[in-house]
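Everything below concerns the one structure shown next.
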Amino acid sequence: MNMVEDRAFYAAKASVGDELLCQSQRIHVAIARSEGRIAQALELRARIFRESAPQASGKLTCQDDDIFDPWCTHLVAIDPDRDDVVGTYRILTPEAARELGCRYAEQEFWLTRLDPLRHEIVELGRACVDPAYRGGTSLMLMWTGLS
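For the numbering used here, count along the sequence shown from 1 and bump the result up by 154.
Below, the structure is given as structure tokens:
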């Protein structure tokens, strides 16, 4: 394969079932559309959050999911060479929040002053990036994907 064919192969591989938003040679950012890709994002989150709170690791389940995950869109950073999720953001759209009846932030904060804007608020959360991919590019590409 030449360089152009190589990039096309990895772009197709990383985006099968996903909605590819942007990419660099090392990272592809997409909306996860398959259950398998969402499971990879949840596994990454669980691992990263366990590692960042080792004193609580015995109390954490092997998954880091809650009632919000099925309602959310999952933005993922993918390493096309490994075909694995190396970064993720959880996105709760205004429509999904309306159907669910609440937002995650409302469990933690008093947000009634934002009521006039409820129909426009997008909630982002549970962001994490694998330590091997921290350095700016992954997060910057994820922010590009969000825009």
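Backbone N, C-alpha and C fix where the C-beta goes; we use that ideal spot for every residue, glycine too.
* Can you list, in chain order, the residues of its chain whose CB lies under 6 Å from that of Asp284, leaving out five sequence neighbours each side? -> Sequence-distant partners of Asp284 (beyond 5 residues in either direction) whose C-beta falls short of 6 Å from its own C-beta, in its chain, are Val240.
* To do: Please state if the CB of Arg244 and the CB of Cys302 are separated by a distance shorter than 8 Å.
  => With the chain represented from 155 up to 301, any question about residue 302 goes unanswered, as that position is not in the structure.
* **Spatially closest choice to Pro96 from Leu278, Pro248 and Gly290, by CA coordinates** => No statement about residue 96 is possible, as the shown extent of the chain runs from 155 to 301 and does not include it.
* To do: Check the C-beta distance from Ser178 over to Leu300 and give it rounded, since I have them as a contact under 8 Å.
  => Actually they do not touch by this definition, with Cβ atoms about 16 Å apart.
* Which residues share a DSSP beta bridge with Asp238? -> Looking at the DSSP output, Asp238 sits in a beta bridge with Asp233.
* Identify which residue in Gly290, Thr298 and Cys282 has its Cα closest to the Cα of Glu205. => If we check each option's Cα against that of Glu205, Cys282 comes out closest.
* Are Val230 and Arg191 touching if we call contact CB-CB under 8 Å? -> If you check the CB distance, Val230 and Arg191 come in under 8 Å.
* To do: Give the DSSP-derived three-state secondary structure of Gly279 in the structure shown.
  => Strand, per DSSP.
* Go to Ile202, then tell me how far its alpha helix (DSSP H) extends in each direction, as first and last residue. => Ile202 -> alpha helix (DSSP H) spans Glu189 to Ser206.
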